[in-house]
Amino acid sequence: MDLLSIYNMKYKDYDIAHFITDEFFIQWIKNPTDNNSHFWEKWMEQHPEKRQLVTEAANLIRSVKYADNPEFTDRMYVETFEKILKADNHFRQNPIGPTKTSPTPTKKVNSLFPVRGIAASLLLLFCIWAQYEAFNFKTDPEPIPEIVLVKRANPAGQKSVIDLPDGSRIHLNANSEIEFPREFSNDIRLVSLTGEAFFEIEKENRPFIVQSGKTKIQVLGTSFNVNKKENGSLYVALVTGKVSVDTQNGSRMTLEPNEMLVLEDGGAYRKTGFDPKEVIGWKDKYLVFKTSSLSEIRRKLEQWYGVKIELKGDFDEKWTYSGIYKDEMLENVLRGICMTSGMNYKIDKKQITITNPK
Amino acid sequence: MNHNPKLPNNEHSTIYPLGHSESIKVYESKSDVDIWNAFNKGDEIAFNYIYRMYVTVLFKYGCQMSRDHNHIQDCIHNIFIDLRRKRGQLNEVQSIKAYLFKILYRELIRKSNKSKEEAHQYPENIPDNFSIEFSQETKLIQQENAQEKIERIQSAINKLTCRQRQAILLFYEEGMTYKEISVAMDFIEVKSARKVIYRALDTMKTLLQTKSENEG
């Protein structure tokens, strides 16, 4: 049954109204902690008949969003932070600034050379102040010309978007890590990647190079996906522009849009086409299974949701599953998968058990 | 942790690199009251943590109150400067997020009194403020008239007042408690927050019912 129609009909019903006005329940949906998860999971175990209702209330709560969703870019993040700290320095200087120290010297000189004395002391103070400012100005904003590397890492269950200093953007997948300099040098833009990321590269003269293991992927301005799997295979999928890939054994390959290069760990490689949703949908929150085996599903879910999945019982090795979920909660995905396969699942916090009763 | 060689010199205005996770490690298990106290005592890592954790949500929230995003960035910048200057005499804070939301709201009101620009008006006077998008993204359950139903809920939401939408968003999008909502919206009593939410849901219920009856 559709939850919207339930929302329509059953709003009078105490149950759903209770859930969507219960702050403790909402906390669990929006910011799950060990504490509230423990409570609600236990509660659902005791009231299995309410499971459906809980999922519906959760969906309803999660459907309410800001219509306007501007992004606070990394650049704004750093800019605002630096401005706040800078204002701090000004404040610290002002209370001990030149004006407060002026009365003592001026008074003494005043009696002898009134006007000139004031002028002289003001000049002197101005010089002291100017030097002070100049000194502060010199030491403060001038950065040390050393390359500061920034590292961003996502654990399983978390993705992020990173804006680089040149305006390029990186979507970093879960279980992945990227390292780049806070400022790129004058002739090259080099980043190093572990795991998977989608790159939207701003076009300019400095080449952009992604280092993944010993392979270098070089571009000028383009968008593409790089995925180094746990078995060592590297997948480079090009969406727009042109990329060239330098492999560890010295060969260079170029890719055209909609082509994907698969580099096996041993050095073998092949070019194929690819399904964009399957390969790069993750950055738009699409979780895609395309004739996926159970072990593939397990690996994907573990990475996507940051959970551990245990398989119990015998499973048909030929069984595969296809399905697309957008920004969906784990429970719904599991339900979808199990519904078509007859398997059962059990969620215990971050530990999932999938069983096959057959 | 100041002995950690990775940390920049503390004498200098400390700016931690974006990937720096020291502040998270130190503070993620502490309560808001403790973090706020540490900040009040001048702990820079506590400030770093507060900034990291809340500046993005604060910006997003601010943008619901004005379309001028630079203006919001300025206001955020102002409130943090102000907080840093008042260190040593700050009051206890139970929920940092709710408190920051409140002072940002107040800052916007303060600015609107001085400004004639349309985008800097009193937050409640800007018609599209706190717009809600009701989006059902469940692909699992496909129904023929799902889209139409979403639209019906959306149009009921659109009939709520600005303050009601604000409360609903704080409740569902931000996941705040009634107590936090009352702080963020600058209510004196918690029950005012409850009232706003209940009334909003009630309005929606009535709107949805009359519509479905008309159609049925």
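Protein chains in written order, with our numbering: chain F, 1 to 358; chain S, 1001 to 1216.
Ideal Cβ positions, reconstructed from N, Cα and C, are used throughout, including at glycine.
Proximity below 7 Å, CB of residue i to CB of residue j
i       : j       : result
L1100/S : L1058/S : yes
L1108/S : M1053/S : no
Q303/F  : A153/F  : no
G323/F  : G313/F  : no
T272/F  : M253/F  : no
A1098/S : L1160/S : no
Q218/F  : S244/F  : yes
V148/F  : R182/F  : yes
A1184/S : K1060/S : no
L1208/S : A1146/S : no
Y1122/S : S1131/S : no
I16/F   : Y1172/S : no
D68/F   : C1063/S : yes
D34/F   : R1084/S : no
K30/F   : G1175/S : yes
Y1049/S : Y1027/S : yes
H171/F  : K285/F  : no
L330/F  : Y345/F  : no
Distance between beta carbons of residue j and residue i, contact taken as under 8 Å
i       : j       : result
H1069/S : P70/F   : 6 Å
R1152/S : Y1178/S : Incorrect: roughly 27 Å between the Cβ atoms, too far for contact.
Y325/F  : L287/F  : 4 Å
N1040/S : R1087/S : 6 Å
S372/F  : V262/F  : The displayed coordinates of chain F run from 1 to 358. Any statement about residue 372/F would go beyond what the structure contains.
L255/F  : V239/F  : No, L255/F and V239/F are not in contact; Cβ-Cβ is about 10 Å, not under 8 Å.
I297/F  : Y321/F  : 6 Å
K1134/S : V279/F  : It should be pointed out that residue 1134/S corresponds to Phe in this sequence rather than to Lys. Not a contact, Cβ separation roughly 31 Å.
W28/F   : N36/F   : 4 Å
T1206/S : F72/F   : Not confirmed; about 37 Å, so no contact.
T291/F  : G267/F  : About 28 Å; that fails the 8 Å criterion.
D1032/S : I1096/S : 5 Å
D166/F  : E202/F  : 5 Å
R1106/S : D1186/S : 7 Å
T222/F  : G241/F  : 2 Å
R206/F  : F184/F  : 7 Å
M76/F   : Q1073/S : 6 Å
E41/F   : K349/F  : 7 Å
Below-7 Å beta-carbon distance, residue i vs any chain C residue
i     : result
F72/F : The structure shown contains no chain C; its protein chains are F and S.
Contact between the segment 147-162 of chain F and the segment 170-182 of chain F (3+ Cβ pairs under 8 Å): Counting Cβ pairs under 8 Å, three or more are found: they touch.
Residues of the segment 303-321 of chain F whose Cβ lies closer than 8 Å to any Cβ of chain S, in chain order: Those would be none; no residue qualifies.
Residues within the segment 53-69 of chain F neighbouring chain S, beta-carbon criterion of under 9 Å: Listed in sequence order: N59, L60, I61, R62, S63, V64, K65, Y66, A67, D68 and N69.
Inter-stretch contact (C-beta, 8 Å, three-pair minimum) for the segment 14-23 of chain F and the segment 1155-1168 of chain S: no
Sufficient close CB pairs (3 or more, under 8 Å) joining the segment 1072-1083 of chain S to the segment 72-91 of chain F: Note that the segment 1072-1083 of chain S touches the segment 72-91 of chain F; at least 3 beta-carbon pairs, one per stretch, sit closer than 8 Å.
The segment 222-242 of chain F in contact with the segment 183-196 of chain F per 3-pair CB rule at 8 Å: In the pairwise beta carbon analysis, the segment 222-242 of chain F is classified as touching the segment 183-196 of chain F: at least three pairs are separated by under 8 Å.
Completely contained beta strand (DSSP E) runs for the segment 307-354 of chain F, where each covers 3 or more residues: With a minimum length of 3 residues, the continuous beta strand (DSSP E) runs that stay inside the segment 307-354 of chain F are 308-312, 321-326 and 344-348.
4-residue-minimum alpha helix (DSSP H) runs that sit fully inside the segment 1056-1130 of chain S, ordered along the chain: DSSP runs (the alpha helix (DSSP H)) wholly in the segment 1056-1130 of chain S: 1069-1085 and 1096-1114.
Inter-stretch contact (C-beta, 8 Å, three-pair minimum) for the segment 340-354 of chain F and the segment 309-328 of chain F: yes
Near-chain S residues of the segment 22-43 of chain F (beta-carbon distance less than 7 Å), N- to C-terminal order: E23, I26, Q27, K30 and N31
Under 7 Å (Cβ pairs) to chain F, residues found in the segment 1051-1078 of chain S: Y1051, V1055, T1056, F1059, K1060, C1063, Q1064, H1069, Q1073, I1076 and H1077
Short-range partners of chain S found in the segment 165-195 of chain F, where Cβ spacing is below 7 Å: Flagged, chain order: R182.
Interface positions of the segment 266-297 of chain F facing chain S (Cβ-Cβ less than 8 Å), listed along the chain: none
Chain S contacts made by the segment 325-344 of chain F, where a contact means CB separation under 7 Å: Y325, K326, D327, E328, N332 and G336
Residues from the segment 1169-1192 of chain S in contact with chain F, defined by Cβ distance under 7 Å: L1169, F1171, Y1172, E1173, G1175, T1177 and Y1178
Secondary structure, beta strand (DSSP E): runs of 3+ residues fully inside the segment 143-203 of chain F: You should have 149-154, 160-163, 169-172, 176-181, 189-194 and 196-200.
Residues, ordered as in the chain, of the segment 1117-1136 of chain S that lie near chain F by beta-carbon distance below 7 Å: Residues S1131, I1132, E1133, F1134, S1135 and Q1136.
Contact set between the segment 1030-1052 of chain S and chain F, restricted to residues whose Cβ is under 8 Å from the partner: Y1051
3 or more residues per run - each beta strand (DSSP E) lying fully within the segment 271-298 of chain F: Fully enclosed beta strand (DSSP E) runs of 3 or longer: 286-292.
Contact residues within the segment 1087-1112 of chain S, judged by C-beta distance below 8 Å to chain F: none
Where the segment 74-86 of chain F meets chain S: residues whose CB sits under 9 Å from a CB there: Hits within the stretch, in order: D74, M76, Y77, V78, E79, T80, F81, E82, K83, I84, L85 and K86.
Any beta strand (DSSP E) of 3 or more consecutive residues that is wholly inside the segment 208-270 of chain F: 208-212, 215-219, 223-228, 234-240, 243-246, 252-255 and 259-263
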